[in-house]
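Here is the structure we will look at.
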Amino acid sequence: MEKSQIQAASELQSRAAGITTFMKLPHTRDLAGVDVAVVGVPFDSGGAIRVGARFGPGAIREQSKLYLRRFHRTFGFTPFDVLKVVDYGDTPVIPELIETSFDLITGDVAPIVEAGAVPLSLGGDHAVSLPLLRAVARRHGPLSLVHFDSHQDIVDSYYGGRVRYNNGTVFRRAVEEGLIDPSRSIQLGMNGTVFPGMFPQESEALGFQVLPVERVAELGPERTAAAVHERVGGAKVYLSFDIDVMDVSVAPGTGAPEVGGLFPREALGIVRRLAGLDFAGIDLVEVNPLFDAANMTSILAANLVFEFITLLAIRKRDQHA
Ligand code: MN
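In this note's numbering, the protein residues as written are 479 to 799.
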């Protein structure tokens with residue numbers, strides 16, 4: 479279908495009607511000419527407390543369909559006029575089998591990367607970033623990680639060394655596997671109480687830069703984004719956005735809620751200033767509709783995904799200008 483036809487189909491029909499895909503984009507696995515593939519990763523066996531992020535992709539799609547319009551008011555254009563974006567559907571996963579699911583996720587997303595498109599993944603808990611990074615790094619080499627989260631997710635293991643793959647160890651594993659280059663990576667928004675193993679110094683020892691939430695607040699969106707640009711330079715970027723970086727009062731539907739986090743206008747102020755970065759993969763994780771209120775977390779997540787699509791569109795538009 480031509481882009482104009484998709485646009486028309488979405489505007490001539492009630493937004494409540496129709497099969498649900500992200501923003502009513504076409505659901506296809508045909509990657510010909512595709513710039514961005516939105517893909518759901520309905521896996522939550524990597525989380526331990528408020529399990530239910532397997533329902534995140536469905537909830538984000540539903541809210542995107544109902545409430546998102548295609549024109550970006552702030553940037554003044556329609557990203558879908560620049561990019562061909564599809565909804566690729568969901569990766570296969572097997573609940574409870576973490577490492578088997580990782581292989582399934584990597585295998586399912588690899589064709590997107592090989593086709594030259596950017597996978598924009600909807601979690602799932604944060605464990606899914608590891609198999610996603612494996613798929614992206616296989617083609618692009620060690621990536622610059624830009625990581626929004628209340629937690630650094632660099633714990634070595636849980637439960638006396640018995641659990642090495644879950645949503646709290648993902649970025650230590652990614653460093654060990656050479657999927658990311660910590661010297662060009664930055665973690666933002668860290669907030670809340672910590673165990674030993676979760677202090678900023680432990681990320682810094684791995685080579686990351688850490689901007690805890692107090693520092694992000696002190697810098698404000700403009701200087702926070704500038705710090706990201708300075709850290710990343712021209713490297714290929716993997717953006718991982720854990721919705722729990724947002725304050726629990728605006729995003730209760732998540733697995734590890736924290737008090738004192740970002741508010742939407744702050745987050746949007748930072749994210750929009752990331753325009754120009756060279757994104758090779760993006761994920762938004764840890765939306766759990768079972769703990770949500772009035773779908774507010776899913777609505778916020780859907781809007782953030784639209785912002786990410788817009789960042790990709792700005793990059794492509796300006797490269798061809
Ligand atoms: Mn996380």
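Ideal Cβ positions, reconstructed from N, Cα and C, are used throughout, including at glycine.
Assigned with DSSP and collapsed to three states, Phe580 falls in helix. Between Met668 and His629 a beta carbon distance of about 7 Å is seen, short of the 8 Å cut, so the two are scored as contacting. Not one heavy atom of the ligand MN falls within 7 Å of the beta-carbon of Glu736. Relative to the ligand MN, even the nearest heavy atom lies 7 Å or more away from the CB of Glu655.
Leu790 and Glu577 have their C-alpha atoms roughly 30 Å apart. Ranking Ala772, Ala799, Met774 and Leu762 by CA distance to the CA of Phe784 puts Leu762 first.
The stretch 623-641 makes no contact with the stretch 542-555, as fewer than three CB pairs between them are under 8 Å. Separation of the CB atoms of Asp603 and Ala531 is rounded to 4 Å, and the pair is thereby assigned contact status at 8 Å.
Secondary structure at Gln679: helix, using DSSP grouped into helix, strand and coil. Minimum Cα-Cα distance from Val606 among the listed residues Gly646, Glu592, Ala753 and Ala595 corresponds to Gly646. DSSP places Gln797 inside the alpha helix (DSSP H), whose first and last residues are Met774 to His798.
Membership of Leu611 in the alpha helix (DSSP H) is indicated by the continuous run Ser607 to His618. Within the same chain, and ignoring the five residues on either side of Arg651 in sequence, the residues whose Cβ sits closer than 8 Å to its Cβ are Leu608, Arg642 and Tyr643. Separation of the CB atoms of Ala510 and Pro597 is rounded to 16 Å, and the pair is thereby denied contact status at 8 Å.
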